[in-house]
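Every position in the sequence shown, counted from 1, becomes a number in our numbering once 1032 is added. Every residue, glycine too, gets a C-beta built ideally from N, C-alpha and C. Since the model is a prediction, treat every value here as computed from it, not as a measurement. Notes follow once the structure below has been shown.
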Amino acid sequence: MRLWFMDWWIPEVKTKNGQFEKHNKTFNHEIFYRKCDPPRNNFAKGNVLLIHGQSYSSATWIEHSTMQVFAAAGYRCIAIDLPGCGKTGGAAVPDGEKAEVLSLVIRRLALDSVMIIGHSMAGQYIVPLFGSKQILCIVAIALSNTNTLPDDVSQLKTPTLVLWGDRDTSLGPSSAANLQRLPNSRLLKVPDGGHACHLSNPRYFQTTCINFFDLVRHYGSIYHF
1033 MRLWFMDWWI PEVKTKNGQF EKHNKTFNHE IFYRKCDPPR NNFAKGNVLL
1083 IHGQSYSSAT WIEHSTMQVF AAAGYRCIAI DLPGCGKTGG AAVPDGEKAE
1133 VLSLVIRRLA LDSVMIIGHS MAGQYIVPLF GSKQILCIVA IALSNTNTLP
1183 DDVSQLKTPT LVLWGDRDTS LGPSSAANLQ RLPNSRLLKV PDGGHACHLS
1233 NPRYFQTTCI NFFDLVRHYG SIYHF
């Protein structure tokens, strides 16, 4: 099987499943994750961590072969099932501890300079980590909790691509309005996109993300985007 992407053919990349455990006072879950590597063990350009929204799971990132497309473009992809969701199960993590859990996941998987894609509810985990040295860049898809950003965001310089669908009537517009205050952010409305614009217009989403990742790798910012 081959996948058609943009104007060239790419080989199918198989998805691997795995689990790890981390036990401490904050985090007592066995996290399920899917991993997709570049084909033929090619050197990876970077690590991409994909975090699903509410009522979704890591499986959302293999719909429309999103993980496979990113891997074929040279990026190692990992998608997790958040605590209380998908195959991870268990109790949900208290809101005040979610950012710490994400940091633990990043360290446990040895994801140095990780690129993060997050949708909707994932903002509860991601937003407190804006400006973190662990994170190379963020793709924020109609991200929640953006109203909790501090008044002074001048030091939150993580390159951030803000995406929302042009048919999103829920979090997308307000999230974009909040995130445009970030000093290194770019906003892009996805045509024919709903709240989950990565699913309603996957080709546009995938192409945009790859261009963004490549730009951040080469320039360390998105001023050329």
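- Contact between S1087 and R1066 fails: their C-beta atoms lie close to 18 Å from each other, not under 8 Å.
- Boundaries of the alpha helix (DSSP H) around L1134: 1130 to 1140.
- Straight-line spacing of the CA atoms in C1229 and R1072 works out to 31 Å.
- Assigned with DSSP and collapsed to three states, Y1088 falls in coil, not helix or strand.
- T1192 carries a strand assignment under DSSP once its states are collapsed to helix, strand and coil.
- Put simply, of P1223, L1082, G1225, W1196 the residue whose alpha carbon is nearest the alpha carbon of Q1212 is W1196.
- Per DSSP, C1117 lies in no alpha helix (DSSP H) segment and is marked neither H nor E.
- Taken through DSSP and simplified to helix, strand or coil, R1108 comes out as strand.
- Around the Cβ of D1200, a 10 Å sphere holds 16 or more other Cβ atoms; the residue is buried.
- Here the region 1203 to 1220 does not lie against the region 1108 to 1123, with fewer than 3 beta-carbon pairs under 8 Å apart.
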